[in-house]
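So in our numbering, the last one in the sequence shown is 617, and the numbering has no gaps at all.
Glycine included, C-beta positions come from ideal geometry on N, C-alpha and C.
Keep in mind it's a predicted model, so treat the numbers as computed, not measured.
Since the structure comes first, as structure tokens, the remarks are kept for the end.
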Amino acid sequence: MSSSLTGTVLADRNPLDVLKQTFGYDAFRGQQQEIIAHVLAGGDALVLMPTGGGKSLCYQVPALCKDGTALVISPLIALMQDQVMAMRQLGVRAEALNSAMTFAEQRAVERRLLAGELDLLYVAPERINAAGFLDMLDRAPIRLFAIDEAHCVSQWGHDFRPDYLEVARLHEAMPHVPRLALTATADKPTRKEIVERLDLGSGRVFVSGFDRPNIRYLIQVKNNPRRQLLSLIEGKHKGDAGIVYCLSRRRTEEIAAWLNEQGVQALPYHAGLPAEARAHNQRRFLQEEGLVVVATIAFGMGIDKPNVRFVAHLDLPKSIEAYYQETGRAGRDGLPATAWLAHGMEDIGKMQMLLARSEGNERQKRLERQKLDAMLGYIESTGCRRKILLSYFGEERAEDCGNCDNCLQPPKVFDGTEPARLVLSAIYRTGQRFGAGHVIDVLRGQDNERVMRLGHDRLQVYGMGRDRSLREWRAILRQLAAMGLVHVDMEGHGGLSLAGDVRPVLKGERRVELRELPKERAERGRVAERKRSTDEMLGDPFARAVFERLRERRLELAREQGVPPYVIFHDATLAAIAERRPTDLAELSLISGMGATKIERYGAEVIAIIEAMNEAA
1 MSSSLTGTVL ADRNPLDVLK QTFGYDAFRG QQQEIIAHVL AGGDALVLMP TGGGKSLCYQ
61 VPALCKDGTA LVISPLIALM QDQVMAMRQL GVRAEALNSA MTFAEQRAVE RRLLAGELDL
121 LYVAPERINA AGFLDMLDRA PIRLFAIDEA HCVSQWGHDF RPDYLEVARL HEAMPHVPRL
181 ALTATADKPT RKEIVERLDL GSGRVFVSGF DRPNIRYLIQ VKNNPRRQLL SLIEGKHKGD
241 AGIVYCLSRR RTEEIAAWLN EQGVQALPYH AGLPAEARAH NQRRFLQEEG LVVVATIAFG
301 MGIDKPNVRF VAHLDLPKSI EAYYQETGRA GRDGLPATAW LAHGMEDIGK MQMLLARSEG
361 NERQKRLERQ KLDAMLGYIE STGCRRKILL SYFGEERAED CGNCDNCLQP PKVFDGTEPA
421 RLVLSAIYRT GQRFGAGHVI DVLRGQDNER VMRLGHDRLQ VYGMGRDRSL REWRAILRQL
481 AAMGLVHVDM EGHGGLSLAG DVRPVLKGER RVELRELPKE RAERGRVAER KRSTDEMLGD
541 PFARAVFERL RERRLELARE QGVPPYVIFH DATLAAIAER RPTDLAELSL ISGMGATKIE
601 RYGAEVIAII EAMNEAA
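The following block contains the structure:
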């Protein structure tokens with residue numbers, strides 16, 4: 001392995017040279033160059049950058065610019081293994097230390113570290129407490145501490161890991177080593193907590209744009225959610241890799257089994273599965289094409305599969321941060337992707353019940369309630385989804401995005417004060433203990449046995465809502481629940497009660513604006529739109545054929561090497577090759593993602609495939 005690729009001999013290499021020679025990119029994006037310069041000058045920093053924005057380069061490039069090793073704190077063993085494989089494909093000397101390794105394997109890595117033979121070493125945060133670990137680091141040529149997924153240090157965040165609190169010990173032991181904390185998801189309170197807990201007060205905070213313009217945000221009201229999910233997959237994402245998030249372990253297995261019955265290859269993933277089953281399913285998802293994983297939030301952190309084309313939520317995320325991070329796993333390659341969510345009133349009740357049961361103190365519960373309220377506001381909003389997401393993270397956008405459901409088919413709104421007063425009154429007059437179905441039956445004047453037996457046909461509100469359908473009343477109730485005016489008691493079989501400050505609404509002193517129930521939306525136009533985007537990327541049918549042949553060969557190589565296909569080439573790189581069809585290695589080296597090691601390992605074969613297809617055409 002040559003030193004020109006690994007940065008093992010030359011000190012203070014030029015970052016742009018490293019970027020081109022090792023990673024195959026001609027220029028840095030956004031704030032990458034400024035961040036790297038700051039770190040190379042010995043500065044500490046917190047970096048907030050969206051998934052797919054190139055966070056990893058912010059520590060990988062500095063690690064290769066100087067002699068010595070960058071120590072990377074990474075939360076998951078599977079994530080470490082993926083990162084190490086990807087770095088080795090580039091000719092970088094990378095290793096991991098984790099509990100899945102044998103004693104002999106760990107000692108071999110430690111010897112390489114102490115001998116100065118590593119560019120990058122990945123460890124889990126709990127390794128910091130291992131006997132003798134900090135002493136060993138003190139004897140090693142450590143040049144940088146990189147803390148990946150830094151939001152895990154926040155006790156108020158959605159991925160809190162107590163072991164991350166130990167990361168501050170690295171600075172205490174080696175105060176001269178610069179630190180770089182990185183995350184894709186952190187609102188302002190979480191950023192402040194990261195800085196405090198990691199003692200980064202004197203460092204800089206770099207906040208890149210949170211926008212993921214290639215992701216289309218779509219939100220639907222639940223109406224047979226399984227069928228809605230299947231419609232999404234068959235209509236827009238047939239044969240695509242995707243992630244479906246569910247709240248419960250049982251549901252992930254049920255949905256995965258049902259999708260398989262419908263002809264969609266799906267695998268379950270949750271913390272209750274045996275470790276071997278989890279590892280097997282994750283490995284299949286990473287290494288095979290077109291698989292769907294149905295998972296709880298236990299799946300996904302650090303998943304580096306670039307061509308996930310959709311992320312679907314069948315249950316409501318507990319916060320916008322969680323939603324943003326989970327949807328951010330789609331479209332990391334920059335190509336069109338979908339973030340789809342289906343929600344109903346029962347979701348609100350579930351989340352409120354989980355919040356009430358949480359073991360946090362009052363301050364934590366209050367913060368969780370605020371985060372849930374923000375999420376509810378997002379799903380019921382009538383404006384541009386992207387604007388709301390970016391605003392939550394402190395980023396303002398002037399124009400509507402044109403790539404979310406509300407922009408593509410703007411919802412109509414109406415003055416819903418009177419129907420709101422009517423349904424709130426019905427909840428109150430029926431005793432604040434019945435579910436939505438019964439309250440709506442009373443409003444619509446149904447003469448079923450239960451209404452009659454309870455004497456609710458004699459209430460003043462009985463029959464006063466006949467002019468609205470069952471679906472319309474359910475939509476109104478769902479929005480009132482999202483506004484905090486109606487509480488759904490999931491432990492009491494979904495009983496509804498008044499919540500918040502409903503008095504001004506009942507008195508007609510507060511206007512309530514509601515969105516009209518949308519008609520069933522045709523999906524065909526959107527399907528065509530996505531396919532056009534892919535065709536434009538590939539240029540013409542012959543380019544697509546070259547692309548598919550390159551993907552086939554990539555899969556063969558990945559199986560031979562036991563690595564995920566994207567570790568060898570991203571789809572975006574293969575698409576660029578298929579479109580340009582270079583005739584020699586010099587032309588191939590001009591394509592983004594084709595670094596020196598990739599050219600050396602695969603260049604001749606890529607050119608041979610193109611030549612063979614040109615001759616056969």
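Asked	Found
Inter-residue Cα distance where the pair is L361 and S154	Note that residue 361 is Asn in the sequence shown here, rather than Leu. Cα-Cα distance, rounded: 15 Å.
Terminal residues of the alpha helix (DSSP H) in which E513 lies	No alpha helix (DSSP H) holds E513; the beta strand (DSSP E) holding it covers E513 to R515.
Between the CA atoms of V294 and T69 - distance to the nearest angstrom	38 Å
Beta-bridge partners of R179, as assigned by DSSP	F145
Three-state secondary structure (DSSP) of D135	helix
C-beta contact flag for Y649 and A241 at 8 Å	With the chain running from 1 to 617 in the structure shown, residue 649 is simply not present.
Helix, strand or coil at E359 according to DSSP, with G and I counted as helix	coil
Whether D315 touches Y217 by CB criterion (8 Å)	no
Cβ pair L137, V167 closer than 8 Å	no
Pairwise C-alpha distance: Q106 and K531	Unreliable positioning characterises K531 in this predicted model, as indicated by a pLDDT of 41, which lies under 50. The coordinate reading is nonetheless provided below. Near 48 Å, if we compare the C-alpha coordinates of Q106 and K531.
Closest residue to V563 among P306, R283 and L48 (Cα-Cα distance)	R283
Backbone CA spacing between Q33 and Q21 [nearest angstrom]	16 Å
Helix, strand or coil at G349 according to DSSP, with G and I counted as helix	helix
Integer-rounded CB distance, given that P306 should sit under 8 Å from H570	5 Å
Host alpha helix (DSSP H) of D415 (start-end)	It is not in any alpha helix (DSSP H) - D415 instead sits in the beta strand (DSSP E) that spans V413 to D415.
The stretch 322-332 / the stretch 354-369 touching (three or more Cβ pairs under 8 Å)	no
Cβ neighbour criterion (16 or more within 10 Å) applied to F434	buried
Residue nearest to L376 in terms of C-alpha spacing, selected from K365, Q479, D447 and K55	Q479
Closest Cα partner of M613 within the set R559, A572, L585 and F547	F547
CA-to-CA distance, L585 to Y602, given in whole angstroms	10 Å
Span of the alpha helix (DSSP H) around F103	F103 to L114
Collapsed DSSP secondary structure at L267 in the structure displayed	strand
Ordered list of beta strand (DSSP E) runs contained in the stretch 223-266, each at least 3 residues	241-245
Member of L443, G416, E418 and T417 whose CA lies at the smallest distance from the CA of R429	L443
Per DSSP, the bridge partner or partners of R171	This sequence places His at residue 171; Arg is not what is there. According to DSSP, H171 bridges with nothing at all.
contact_flag[the stretch 391-407, the stretch 196-212] where n(CB pairs < 8 Å) is 3 or more	yes
Inter-stretch contact (C-beta, 8 Å, three-pair minimum) for the stretch 583-598 and the stretch 81-94	yes
Proximity winner among T583, G593, E513 and E560, relative to L574 (alpha-carbon distances)	G593
Spatial distance of K350 from E288 (CA atoms)	34 Å
Segment limits, beta strand (DSSP E) that includes I219	I215 to V221
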